[in-house]
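Numbering (numbering that gives the first Met the number 0), first residue to last: 0 to 201.
Structure first, commentary second.
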Amino acid sequence: MNLAGDYQDMAQSEATMPEIDTTGFETVRLQYRRWLGVEDALYDHATINADGAELWSNLDTPGGTTQHRDREWRFQDVDLSPLAADGKVTVKFHLDSDESLGFGGWSLDDVCIVGVGPAVCGDGFVTDPEQCDDGNVVDGDGCSATCTTETPATCGDGINDEVDCPTEEPGGCCSTGGHGGAGGPLLLGLATLLGLSRRRRR
């Protein structure tokens, strides 16, 4: 690569990253910023390769008239996961040119390999397939110990929940009388007796 100007004619150049250990990461991505100027791929080729597989190439058109000219620094994000599954990956930026019409070639910055490991329940970050993650592995606080969303207990659902319903009766009503629900019938009986007493006085 010619750091002083356009790339040379009839030349091949390559920038190779060190081998990266990707063990333990489910998702691996190449991220970088580029300012690329290259002739149509019918003549000049700018490529990105990982472990011998081509990840990206400039456009090759039948007429050879489409030049690639970035006008600014452009952020790029490329998935390396399938190629990094064996626990390592090596990335190369390559450029080869013909006998005429050179451009600026590859200009690269902030090149990095980013790895995302498997979800860890209780780390405070919601990562697929987690439904929630409140930073602990405790049940009963809305997010279970396996990071699934818990349904709040409801009085009247027929389930005896000590949290919200001290006495859940078979009929689905929460007793507040303290005697297995006898308070309701007792009040009704008193009202009936009072009614009979009034009629007799008349």
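All C-beta atoms, glycine included, are put in the ideal place defined by N, C-alpha and C.
- When DSSP states are grouped into helix, strand and coil, V125 belongs to the coil group.
- Here E38 carries a coil assignment [DSSP, helix/strand/coil].
- Separation of C111 and V37 (C-alpha to C-alpha, rounded to the nearest whole angstrom) is 23 Å.
- Annotation: G86 to P151 spans about 43 Å, alpha carbon to alpha carbon.
- Listed in chain order, the non-local C-beta contacts of L54 below 7 Å within the same chain comprise I47, N48, V77, local neighbours out to five positions each way being set aside.
- In this structure, D59 sits near A40, with a CB-CB distance shorter than 8 Å.
- Assigned with DSSP and collapsed to three states, Q30 falls in strand.
- If you look at R73, you'll find it in the beta strand (DSSP E) that goes 73–78.
- Taken atom to atom, the span from the alpha-carbon of A144 to that of C131 is near 10 Å.
- Non-local beta-carbon contacts of F24 in its own chain, meaning distances under 8 Å to residues more than five positions away in sequence, involve A83, G114, V115, G116 in chain order.
- Counted as a single uninterrupted DSSP element, the beta strand (DSSP E) harbouring A52 occupies residues 52–56.
- Taking all protein chains in view, the Cβ of W72 is surrounded by fewer than 16 other Cβ atoms within 10 Å, so the residue is classified as exposed.
- For Q66, there is no enclosing beta strand (DSSP E), as DSSP marks it with neither H nor E.
- Nearest Cα to S96 within the set Q30, L29, C146, N57: N57.
- In this structure, the alpha-carbon of D140 lies about 16 Å from that of F124.
- Taking the Cα of A45 as reference, the smallest distance to any Cα among E13, R70, T64 is reached at E13.
- Under the 10 Å beta carbon count, D43 is surrounded by 16 or more other beta carbons and is classified as buried.
- D20 has K87 as its beta-bridge partners, per DSSP.
- Bridge pairing for G114: V27 [DSSP].
- Residue pairing of A10 in beta bridges, as defined by DSSP: absent, with no partner found.
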